[in-house]
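Heads up: the sequence shown begins at 18 in my numbering, then just goes up one per residue. Virtual Cβ for every residue (Gly too), placed ideally from N, Cα, C. Every value quoted in this text rests on a predicted model; they were computed, and no experiment measured them.
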Amino acid sequence: MQLFVDQLTNVDFSYLDAHRGIVGETWWASALLDGALDDEGMICDFGIVKKTLRNWLDLEVDHRLLVPVQSPALRLQNNGERVQLEWQLDNGEHIKMDAPREAVALVDAASITAQSVAQWCREQLRGQFPVNVEQLRLSFEPEAIDGAFYHYSHGLKKHNGNCQRIAHGHRSRIQIWLNDRRSAELEQEWAERWADIYLATEEDTIALNDGQYEFAYTARQGEFRLSMPASRCYLMNTDTTVEFIASHLAAVIKAGHPQANVKVKAFEGVNKGAIALR
């Protein structure tokens, strides 16, 4: 017998990729449990499944940087409290990060894929369900998007929760209207411009050397430092909340179309975001 929960929850995170760099991502998580029926005629109570998986994914995956520890592109130091890493991209560029240990997920895999993360999660979750549950099958998939979207990573130092982590991200839709008409052209333009982008706040920039931006700030969870190729960054003069992102996009688009009424609907992952009008 099998018990399934489709689209149980979604996770927002970033991961390291040898070609794309730091990639913001959003996945739906679904679960399939194999097992025998208990005395109540259940494999496992849905409440237990949802609570266990949601809590674990929120704690161990959501708003973290997923690091494939078996990759030859990685150099890693982990003392249990802080992680220092260097990631070599296949074009010779590099990324460095120094952050609290809780800001990363060290995934036992050579690369980050939906399949490798699901396998790692299943191993970590072993033994957390009733004994009659013989097997947990966890799967991840991105939101089905009909239209333009981009992957972005960022950090919000003023946030009291896990958004303060300097390298977490989202896969997000973008919708733009000029005079109440959707502009697929502008949506695609920004999707391409912000493909796999790191959105940074100017005041968090401490240096620009040899084409490499250095970012740093202190938040409640500790000190964060990140070094990124400048070509993969976009700087804003505000924090990078989705509200400021929508406002920034609307202002830039309005400057290019001064006679038009501009509306921007910027998403932060799945089914949430902000709207700005100009």
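**Message:** For the structure I just gave you, are there three or more beta carbon pairs, one from the region 185-199 and one from the region 227-241, closer than 8 Å?
**Reply:** no
**Prompt:** Along the chain, where does the beta strand (DSSP E) that runs through residue 244 open and close?
**Reply:** Element bounds for residue 244: 239-246.
**Item:** Burial state of residue 268, where buried means 16 or more other Cβ atoms lie within 10 Å
**Value:** exposed
**Prompt:** Is residue 136 near the ligand MG, with its Cβ less than 7 Å from a heavy atom?
**Reply:** For the ligand MG, the structure offers nothing, since it holds no ligand at all.
**Message:** For a quick check, are the C-beta atoms of residue 171 and residue 213 less than 8 Å apart?
**Reply:** Against a cut-off of 8 Å, the Cβ pair of residue 213 and residue 171 comes out as no contact.
**Request:** Could you give the DSSP three-state label for residue 79: helix, strand or coil?
**Result:** Of the three classes helix, strand and coil, the one that applies to residue 79 here is coil, per DSSP.
**Asked** What number of angstroms, rounded off, separates the C-alpha of residue 134 from the C-alpha of residue 197?
**Response** 41 Å
**Request:** Taking only the alpha-carbon atoms, compute the straight-line gap between residue 296 and residue 43 and give it to the nearest angstrom.
**Result:** Coverage of the chain is limited to positions 18 through 295, which leaves residue 296 absent and any answer about it impossible.
**Prompt:** At which residue ranges does the region 196-241 contain complete alpha helix (DSSP H) runs of 4 or more residues, listed in the order of the chain?
**Reply:** 201-210
**Asked** Ordered along the chain, which non-local residues of its own chain (more than five positions away) have a Cβ less than 6 Å from that of residue 284?
**Response** 189, 190, 290
**Item:** Close-in-space but distant-in-sequence residues of the same chain around residue 251 (CB under 6 Å, 5 per side omitted)
**Value:** Here the set comprises 214, 216.
**Message:** Quick check: the Cα distance between residue 165 and residue 40, rounded to an integer number of angstroms?
**Reply:** 16 Å
**Asked** Span of the alpha helix (DSSP H) holding residue 260?
**Response** 259-273
**Message:** What would DSSP say about residue 289, mapped onto helix, strand or coil?
**Reply:** Judged by DSSP in its simplified three-state form, residue 289 adopts coil rather than helix or strand.
**Request:** Measure how close the beta-carbons of residue 182 and residue 120 come, nearest whole angstrom, since I'm counting them as under 8 Å.
**Result:** 4 Å
**Asked** Secondary structure at residue 255, three-state DSSP: helix, strand or coil?
**Response** coil
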